[in-house]
Structure formats: structure tokens, C-alpha cells
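**Student:**
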Ligand code: CP
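Numbering (my numbering), first residue to last: 1 to 310.
Set out below in C-alpha cells:
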């Protein structure tokens, strides 16, 4: 079994066997983080360009660490340090990057579809590291990996995804993945932050957080994305925190062994209270650690690697 596409553009279109292959391969790569020498020669001689046109802490550094652990050569550049600020088009930038013969381009861009555009014009394998409010496939994969570590399965789990669904590529990729793997997903947001086409997501929806969290095995909180909001989507942050913030009382309504997730960066005291973010049920930092293994698996499989990794 191998991946059907030579790019990772989204979870959309992936079949359960491909998702399982990535998660199983990531298990093998997770062992490397426990070794004294955290490096294998798997991608020696391969070049990866990390092209981040939007800010990132976790995803960019996670890809860089993954590439270093696989012995690939990485080249990092951001929008502010590139000729995009001088008016160069995305296509011209991509063509110039291609002229350096990279094997992979990892791209984060504010424009939905930017990775798909590159995939049509570049020979390199393209990895979507987040395109606008569209998809963030490696985040959904690392979230699934983390859930599977704690629950040993995805099928049949009750997952509540709460917050700014409208602007969230994490929500979209997670719903696609979790539904493909047979989980039972509830989306919760104020009416103004629920996408108009939410029915197409195929998940249950509610405007009431208590309803979403009741009995959930996984509570996934999303960041309020102020930078994507031009007008007031809710009266005040204080009211939002009261109605949609995860505090100890609400967490108490979830399953006894529920885990709390958040893709980061978190707004403490708004969508998640500090004691919950740092509490025993929180797996937020595990998500970050697991991101490295999952991204190693993605690069390895896209490079043509088989099932016996690491
Ligand atoms: N989860 C996530 O995408 O975080 P960054 O924006 O820091 O990469």
C-alpha cells in the first residue's frame, strides 16, 4: 500500500487505508525521538523548501525538525523575506523555487487552493501546511495520531469541535478525517461563526456548548481567529468566553477520560481557560510532539517509502 497522490493537498479524497498507513508509519518514526541520535538517513540527498507565506510557530518548526531527522536538506523562507513583497506572483516565485530542483515544497498560504495551484505547475511534491480557511491536513493527521494514542481507535468516538469553525481549516480537515475513520463529530459555534455550508461537512451541529461537550471522548477547542475577522462576530470576548470557553465545569460534562485538544496558538481565558489548558486532560503539547512524527511519515511516504519505515 502507498499513497494515491504524490502530493498531500488535503484530507479530502483520502481513503481510510491511506490515513491508517500515515498513522502507522508515524508510530514507527515516533521511536526516533526516543533515541540518543535522533536522525535517520531516509531522505539524504532530498531537498525540501518550506515556503510559509503566513505566520506559523508549530507547523514550520515541526516540518523543519521532521526534515532534519530524516537527513533532508531544508530551505526556509517566509513572505516578508521573499520577493513576494516586491510584487512577484506566486507562480513566478514557484517557478524560481523549482529551478533549484527541490523534491518537496511545503507551503502555507492565506489563499485557499494555493497548494493545488503549485501542484499544477511544479514537478516537486507539494505539501499543504495550511491554505486559508480551507485545509490543514497534517494538523488533522497529528490530531488523529494523538487521539489514537489515547483511545486506541477513532471509529465510534464522540468528538466535539468547538469555536471559530467559520475560519478554521483545522476543523474542516479534522471533520473530513474523523468522519472518514468513523468517528461521531459535533461542531459547535455561535451562529455567526458557523459556515453557511456546514451541512456539507456531514457532522452534527449545535450552538450550545454544553450539548456539544456532554459525553464527548475528545473536546477539540479552536482559536478565535481575530486576524480573519473584519467585523464583530460576537458582542465581546468576555461573552464569548462565557458561552463557548472550555472551563473545568464544562469539561466535567464530557466523558470521565475525555482528552482536551487545541491546535494552537491558544487564547488563554477566551476559548480555553488556563487550568484546563494545563490540566491532566490536556494533550495540547503531545499534539506538538506528535506533529514531528506525522510529518516525517508524510514526507517519507510521498518520497515513495513503503510500510517498513525507520
Ligand atoms: N497548529 C498550527 O497550525 O499552528 P501554527 O500556526 O503555529 O503553525
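Just so it is clear, CB atoms sit at the ideal spot from N, CA and C, and this is done for glycine as well.
Taking the runs of the beta strand (DSSP E) that are 3 residues or longer, which of them lie wholly in the stretch 115–191?
**Tutor:** Within the stretch 115–191, the complete beta strand (DSSP E) runs of at least 3 residues are 125–131, 158–162, 184–188.
**Student:** Tell me whether residue 268 counts as near the ligand CP, meaning its Cβ is closer than 8 angstroms to at least one heavy atom of that ligand.
**Tutor:** As a position in the chain shown, residue 268 is number 268, starting the count at 1. Not under cutoff, so the answer is no.
**Student:** Measuring CA to CA, which of 69, 112, 35 is closest to residue 292?
**Tutor:** Taking the first residue of the chain shown as position 1, residue 292 is located at position 292. Closest option to residue 292, Cα to Cα, is 69.
**Student:** Taking all protein chains shown into account, decide if residue 45 is buried (16 or more other Cβ within 10 angstroms of its Cβ) or exposed.
**Tutor:** Translated into positions along the chain shown, residue 45 becomes position 45. By the neighbour-count rule (16 or more Cβ atoms within 10 Å), residue 45 is not buried but exposed.
**Student:** Looking at the ligand CP, does it come within less than 8 angstroms of residue 60, judged from the CB to the closest heavy atom?
**Tutor:** Looking up residue 60 in the chain shown gives position 60. Yes, the ligand CP has a heavy atom inside 8 angstroms of this Cβ.
**Student:** Looking at the structure shown, is residue 89 part of a helix, part of a strand, or coil, going by DSSP?
**Tutor:** For the purposes of this step, residue 89 is taken as the residue at position 89 of the chain shown. It is coil, neither helix nor strand.
**Student:** One question on the structure: do residue 176 and residue 135 come within less than 9 angstroms of each other, judged by their Cβ atoms?
**Tutor:** Within the chain shown, numbered from 1, the residue matching residue 176 stands at position 176. Within the chain shown, numbered from 1, the residue matching residue 135 stands at position 135. The answer is yes: Cβ separation under 9 angstroms.
**Student:** Name the one or two DSSP bridge partners that residue 73 has.
**Tutor:** Along the chain shown, read from residue 1 onward, the residue named residue 73 stands at position 73. Answer is 47, bridged to residue 73.
**Student:** What residue from 200, 251, 195, 215 has the CA that sits closest to residue 207's CA?
**Tutor:** Translated into the one-based positions of the chain shown, residue 207 becomes position 207. It is 195.
**Student:** Could you check what DSSP says for residue 261 in three-state terms: helix, strand or coil?
**Tutor:** By 1-based counting over the chain shown, the position of residue 261 is 261. Three-state result, residue 261: strand.
**Student:** Whole angstroms is fine: what's the gap from residue 47's alpha carbon to residue 147's?
**Tutor:** Translated into positions along the chain shown, residue 47 becomes position 47. Translated into positions along the chain shown, residue 147 becomes position 147. Roughly 31 angstroms between the two C-alpha positions.
**Student:** Going straight from the alpha carbon of residue 215 to that of residue 158, what length do you get?
**Tutor:** Taking the first residue of the chain shown as 1, we reach residue 215 at position 215. Taking the first residue of the chain shown as 1, we reach residue 158 at position 158. Computed Cα separation, rounded: 7 angstroms.
**Student:** Rounding to the nearest angstrom, what Cα-Cα distance links residue 259 and residue 42 in this structure?
**Tutor:** Stepping through the chain shown from its first residue, residue 259 is reached at position 259. Stepping through the chain shown from its first residue, residue 42 is reached at position 42. Each residue's alpha carbon lies about 33 angstroms from the other.
**Student:** Ignore the nearest five residues each way along the sequence and tell me which others in residue 189's own chain have a CB closer than 6 angstroms to its CB.
**Tutor:** Taking the chain shown and counting its residues from 1, one reaches residue 189 at position 189. Taken in chain order, the residues that qualify are 165.
**Student:** Contact check, residue 162 vs residue 212 under 8 angstroms by CB: the rounded distance?
**Tutor:** Along the chain shown, one-based indexing puts residue 162 at 162. Along the chain shown, one-based indexing puts residue 212 at 212. Confirmed, about 6 angstroms.
**Student:** Alpha carbon to alpha carbon, what distance is there between residue 296 and residue 39?
**Tutor:** Sequence index remark: in the chain shown, residue 39 carries index 39 (1-based). Sequence index remark: in the chain shown, residue 296 carries index 296 (1-based). Rounded to the nearest angstrom, the two C-alpha atoms are 11 angstroms apart.
**Student:** Tell me whether residue 289 counts as near the ligand CP, meaning its Cβ is closer than 8 angstroms to at least one heavy atom of that ligand.
**Tutor:** Position 289 of the chain shown, counting from 1, holds the residue named residue 289. No, the beta carbon of residue 289 sits no closer than 8 angstroms to any heavy atom of the ligand CP.
**Student:** Can you give the Cα-Cα distance for residue 126 and residue 261, rounded to whole angstroms?
**Tutor:** The count along the chain shown starts at 1 and reaches residue 126 at position 126. The count along the chain shown starts at 1 and reaches residue 261 at position 261. Distance between the alpha carbons of residue 126 and residue 261: 27 angstroms.
**Student:** Ignore the nearest five residues each way along the sequence and tell me which others in residue 71's own chain have a CB closer than 8 angstroms to its CB.
**Tutor:** Working through the chain shown from its first residue, we reach residue 71 at position 71. If we look at residue 71 and ignore the five residues flanking it on each side, its Cβ neighbours are 39, 40, 41, 42, 43, 44.
**Student:** Hey, out of 94, 116, 205, 154, whose CA is closest to residue 142's CA?
**Tutor:** One-based indexing of the chain shown puts residue 142 at position 142. The shortest Cα separation from residue 142 among 94, 116, 205, 154 belongs to 154.
**Student:** Go ahead and label residue 305 buried or exposed: buried means 16 or more other beta carbons lie within 10 angstroms of its beta carbon, across all protein chains shown.
**Tutor:** Here the question's residue 305 lines up with position 305 in the chain shown. Buried, by the Cβ-count rule.
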